[in-house]
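Please read the structure below before turning to the comments.
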Amino acid sequence: MMTLFGDPEIWLPVAFAAMMGLSILVYVCLDGFDLGVGLLFPFAEGDEKDRMVASIGPFWDANETWLVLAIGILLVAFPAAHGTILTALYLPVAVMLVGLILRGVAFEFRAKVAPERKARWNHAFHAGSLMTSLSQGYMLGMYVMGLQITWFTLAFSLLTAMFLTVAYSFIGATWLILKTDGALQRKAVGWSRGGIWGVVLGMGAISLATPLVSPRIFEKWFSVPEIFLLMPLPLMAGGLIVLLWLLLRQMPKSDDRLAWAPFTVTTILFALGFFGMAYSFYPYVVPETLTIYEAASAPESLVIIFAGTLFVLPMIAGYSVLSYVIFRGKATELRYD
Amino acid sequence: MDTLLLSRIQFGANISFHILFPTITIALGWVLLYFKLRFNRSGDRKWMRAYGFWVKIFALSFALGVVSGITMSFQFGTNWPGFMEIAGNVAGPLLAYEIMTAFFLEAVFLGIMLFGVSRVPGWLHTLATFLVAFGTTMSAFWILVLSSWMHTPAGFELRDGVVHATNWLEIIFSPSMHYRLAHMLLASGLTVAFLLAGISAYRWLRNDRGTDVRAAMVTGLSLGALLIPVQIFVGDLHGLNTLEHQPAKVAAMEGNWETGGNVPLLLFAVPDEAARTNHFEIAIPHGASLILTHSLDGEVPGLNDFVTEKGEVLHPPVAPVFYAFRVMVGTGLAMLLVSWVGVGMMLWRRRGVEALPRPMLWAMVPFGFSGWVATLAGWYTTEIGRQPWLVTNVMTTAEAVADVPPAMVASTLAVYLAIYVLLLVAYISVIFHLARKAGETGAAKPDAGVMRPGMGARLPAE
């Protein structure tokens, strides 16, 4: 099996980098929407909060597992990079973990404590979502900047922290358009209309800064013929943003038609941005320092995981889809029955 | 304090906090499946009411387990990068299989198990309950495979100081794996058994005496009484296995300094590592030799064998291992007493739960958390007992630690500790709050009744 696709020292790292990329993308879209719902919490009234939580209730745990898978692949497939990246990001990782702890448990506690304590856990849910989003955005910025801390990279990372937070709120709002109706849905449309400008600014800022910071990436983007192959990416992204804007202007439709569209289009937009980044950084796993080939584990260990993955990943995809099918439609009150 | 010690305290705090919750969810998943199957068979709705109450505690415990587990997966990288760099070729695939075969399974079907009763057919809900229980157990399997391999590594070779896998079967079924897995699964079963009994006793004392409370209490006490002798037997086997593979740990557990025969069993002592002796010994003559070798004059390893001529100490710190072991065994024996007395009283003239006097019920409430004490003490015994090694005879804990400033580790440690204390208080008080609330709402409902299977009692998530 190992030599089936050629040299295992080449194809295995590529396969695992692709899997890790896929996990991160799935994570950003899925946990993105439930983090976003948490970010939007302060803008909603009491009963609306319950419905917002109900819209993510059956999903959030599995969504977060994609982060564990992504970090797990980094850990098992690129152990050297795992150590380098995570020690460099020690503090933001700690902030993110505290955030994830707070929101994960607040989700349960707010439904189970005495009513007078519920507000406290609502705050924890929002604060946890905010800490998670901000720190992930900060880490994204630091990663783009090659994990070097200077005043410039710090400023840039603070910008990406805000951008990712806005982006998560945005995809969260589009999720609520899909999963709610009535006044809350109208509110969600309003939130989306505001959020889209943040998304445009953020994606623009990262796209501008990335090639300017790295001559290597500049070369990868603007030399011929690469530039012609890459052109469709920003063009499509621009088209999708216009489409989103047009969609949101006429939402919500009377018969709830197209309620799924903003979320779907946003997901595609996130995917485009992600492919742009993946293209820019390949073959590096630690920017400018360590390639996926240098950082990879021994082939005989990777192939053991790869074999299992071929079998298990389709199953995971299958029952994840099953769960979204079972809990399709508008969110209803969360009940254990 | 230096980065190594701070990082160890931090990881120790995280893993201690974490294990409290999987210890509950692993066995509680199977207990919920049992309740569900009893309901499917009998249609007696008390089983569904027991399910409805305990599934809330399951959901809460599960959430705490997930978030504290995520913390650990990151801390491998932030605090212990050396571990994956040296042992990653073995540890990596095992962790990957845990994520792929357990985490997603639990997470997805938990959603269906919690919120899906009215949306999916009854059989699918039962299947989801099964898959969640199966997932938690798979997770325990993989993590104990890794832990056991770190204690008793096998099936690998070192090339340029890096571990390379040579035989996956030997890695998975490393010499201590069977004992460790059985010991932990039983610990989980016992923790849940006593939690069921303890919380049910609390409800009973508050005059919340429905058939569901009775069923949970009988299930808990019987399960506890049944499992505890098995656990003592398995624990003994595990000890013998440790004697064979990690003699230094056994020497610390017994507080035995010099190798020799006729070693007494120390019931109590104050080990003094500086003077390399014990103070205030209370001992049973020949006890340790008898337990470990099944003969009165059998040889028991001594700690002084694990100090090199240069004075390098290759045995674990003695006092924590020595005390933790006694706390574990002591708690276990107390659990034996409580569960057997409880079951004995219930069987006496077949009077059931009514036979339990109030003092007995009051004793059962704090014993609801005795499984936690024993489990933590057991883990401290085995994990501190592995020191100074991270992977026995392959790499030390000091080799794995990250080069981050101590202040950074100390500050994050302080935050984690504060959060863990807060969450632990919240968790325990919510369990008791749920128990009180179940009594208030339950009193209004008819006590028993027969329903068609698949028609769950309506229970809101709150």
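As you go down the protein sequences, you meet chains H and A in turn. The opening residue of the first sequence carries number 1 in the numbering used here; numbering runs sequentially from there. The opening residue of the second sequence carries number 1001 in the numbering used here; numbering runs sequentially from there. Glycine residues also receive a C-beta, built at the ideal position from the N, C-alpha and C atoms. Computed from a predicted model, the values in this text were never measured in an experiment.
Nearest to L1333/A (by Cα), restricted to the options D1297/A, A1374/A, V1343/A, G1311/A: Counting from one through the second sequence, the residue named residue 1333/A turns up at place 333. Out of D1297/A, A1374/A, V1343/A, G1311/A, A1374/A has the C-alpha closest to the C-alpha of L1333/A.
Short CB-CB distance (under 8 Å) between H82/H and chain A: Working through the first sequence from its first residue, we reach residue 82/H at position 82. Chain A contact via Cβ: present.
Contacts of F1074/A in chain H (Cβ-Cβ under 7 Å): Translated into the one-based positions of the second sequence, residue 1074/A becomes position 74. The contacting residues are I71, L86, V93, L97.
Where R1351/A falls: helix, strand or coil (DSSP): One-based indexing of the second sequence puts residue 1351/A at position 351. In the structure shown, R1351/A sits in coil (DSSP, three-state: anything other than H, G, I, E or B).
Under the three-state DSSP convention, the category P8/H falls into: Here residue 8/H corresponds to residue number 8 of the first sequence, with the count starting at 1. Assignment of P8/H by DSSP, reduced to helix, strand and coil, places it in the helix class.
Limits of the unbroken alpha helix (DSSP H) element including R1045/A: Translated into positions along the second sequence, residue 1045/A becomes position 45. First-last of the alpha helix (DSSP H) with R1045/A: 1045–1079.
Own chain partners of G146/H with C-beta closer than 7 Å, once the 5 adjacent residues on each side are dropped: Locating residue 146/H in the first sequence gives position 146, where the first residue counts as 1. Same-chain partners within the cutoff: P287, E288.
Close beta carbons around D31/H, own chain, < 6 Å, minus the five adjacent residues each side: By 1-based counting over the first sequence, the position of residue 31/H is 31. So the list reads N63, E64, once near-sequence residues are dropped.
Within chain A, the residues that A114/H reaches when beta carbons sit closer than 7 Å: The residue labelled residue 114/H in the question sits at position 114 within the first sequence. Neighbours of A114/H on chain A, chain order: H1433.
Rounded separation between W1340/A and V1327/A - CA only: Position 340 of the second sequence, counted from the first residue, corresponds to residue 1340/A. Position 327 of the second sequence, counted from the first residue, corresponds to residue 1327/A. Roughly 20 Å separates the two Cα atoms.
Under the three-state DSSP convention, the category D1272/A falls into: Taking the first residue of the second sequence as 1, we reach residue 1272/A at position 272. Note: D1272/A maps to strand in three-state DSSP.
8 Å CB neighbourhood of M131/H in its chain, flanking five on each side removed: Counting from 1 along the first sequence, the entry for residue 131/H is found at position 131. Only V95, M96, V98, G99, L102 meet the Cβ criterion.
Strand pairing of E1157/A, partner residues [DSSP]: To locate residue 1157/A, count along the second sequence from 1; it is residue 157. Paired residues: H1164/A.
Neighbour flag for W1054/A against chain D, beta carbons, 8 Å: Here the protein chains are H and A, and chain D is not one of them.
Exposure label - N1207/A; buried when at least 16 CB within 10 Å: In the second sequence, counting from the first residue as 1, residue 1207/A sits at position 207. That one is exposed.
Neighbouring residues, chain A, relative to F109/H (Cβ below 8 Å): The residue labelled residue 109/H in the question sits at position 109 within the first sequence. Residues of chain A passing the Cβ test: L1060, A1426, V1430.
Where W1257/A sits in the DSSP three-state scheme: In the second sequence, residue 1257/A corresponds to position 257, counting from 1. Correct three-state label for W1257/A: coil.
Any chain H beta carbon closer than 8 Å to L963/A: Residue 963/A is absent from the model: chain A starts at 1001 and stops at 1462.
CB contact below 8 Å: G1012/A versus chain H: Here residue 1012/A corresponds to residue number 12 of the second sequence, with the count starting at 1. No, no contact with chain H.
Chain H within 8 Å of Y1097/A, Cβ atoms only: Taking the second sequence and counting its residues from 1, the one referred to as residue 1097/A is at position 97. Yes - at least one Cβ of chain H is within 8 Å of the one on Y1097/A.
CB contact below 8 Å: T1412/A versus chain H: What you label residue 1412/A is simply residue 412 of the second sequence in a count that begins at 1. Yes, contact with chain H.
Residues sharing a beta bridge with V286/H, DSSP: In the first sequence, residue 286/H corresponds to position 286, counting from 1. Answer by DSSP bridge pairing, in chain order: L290/H.
Heavy atom of the ligand HEM within 7 Å of H82/H beta-carbon: No copy of the ligand HEM occurs in the structure displayed, which carries no ligand at all.
Inter-stretch contact (C-beta, 8 Å, three-pair minimum) for the region 1259–1279 of chain A and the region 1231–1242 of chain A: At 8 Å Cβ cutoff, the stretches do not touch.
Which listed residue (F1369/A, A1102/A, N1089/A) has its alpha carbon closest to that of Y354/H: Shown here, chain H extends from 1 to 337; a query on residue 354/H therefore has no answer.
Proximity test, Cβ basis, 8 Å: D31/H and chain A: Within the first sequence, the letter at position 31 stands for residue 31/H. Judged by the 8 Å Cβ criterion, D31/H is not in contact with chain A.
Beta-carbon gap between M1217/A and W1204/A smaller than 8 Å: The residue labelled residue 1217/A in the question sits at position 217 within the second sequence. The residue labelled residue 1204/A in the question sits at position 204 within the second sequence. Going by C-beta atoms, M1217/A is nearer than 8 Å to W1204/A.
Three-state secondary structure assigned by DSSP to L1356/A: By 1-based counting over the second sequence, the position of residue 1356/A is 356. The answer is coil: DSSP assigns L1356/A none of H, G, I, E or B.
Opening and closing residue of the alpha helix (DSSP H) in which E108/H lies: For this step, residue 108/H is matched to residue 108 along the first sequence. Taken as a continuous stretch (DSSP letters only), the alpha helix (DSSP H) holding E108/H covers 90–112.
Residue-level contact to chain H via CB, L1423/A, 8 Å cutoff: As a working note, residue 1423/A is residue 423 in the second sequence. True, the Cβ-Cβ gap to chain H drops below 8 Å.
Within 8 Å, strictly: CB atoms of V1090/A and I1171/A: Position 90 of the second sequence, counting from 1, holds the residue named residue 1090/A. Position 171 of the second sequence, counting from 1, holds the residue named residue 1171/A. Result yes, Cβ atoms of V1090/A and I1171/A sit closer than 8 Å.
Between the CA atoms of H126/H and F41/H - distance to the nearest angstrom: The residue you call residue 41/H lines up with position 41 of the first sequence. The residue you call residue 126/H lines up with position 126 of the first sequence. Rounded to the nearest angstrom, the two C-alpha atoms are 6 Å apart.
Contacts of T65/H in chain A (Cβ-Cβ under 7 Å): Start at 1 with the first residue of the first sequence, and residue 65/H comes out as number 65. Simply F1103, F1104, A1107.
Element boundaries [beta strand (DSSP E), containing V1391/A]: Translated into positions along the second sequence, residue 1391/A becomes position 391. Unbroken beta strand (DSSP E) run through V1391/A: 1389–1391.
Local Cβ density within 10 Å of R1386/A, reported as buried at 16 or more and exposed below that: To locate residue 1386/A, count along the second sequence from 1; it is residue 386. Here R1386/A is buried. Its C-beta has 16 or more other C-beta atoms within 10 Å.
Chain-ordered neighbours of E943/A on chain H, where CB pairs are closer than 7 Å: Only positions 1001 to 1462 of chain A appear in this structure, which leaves residue 943/A out of reach.
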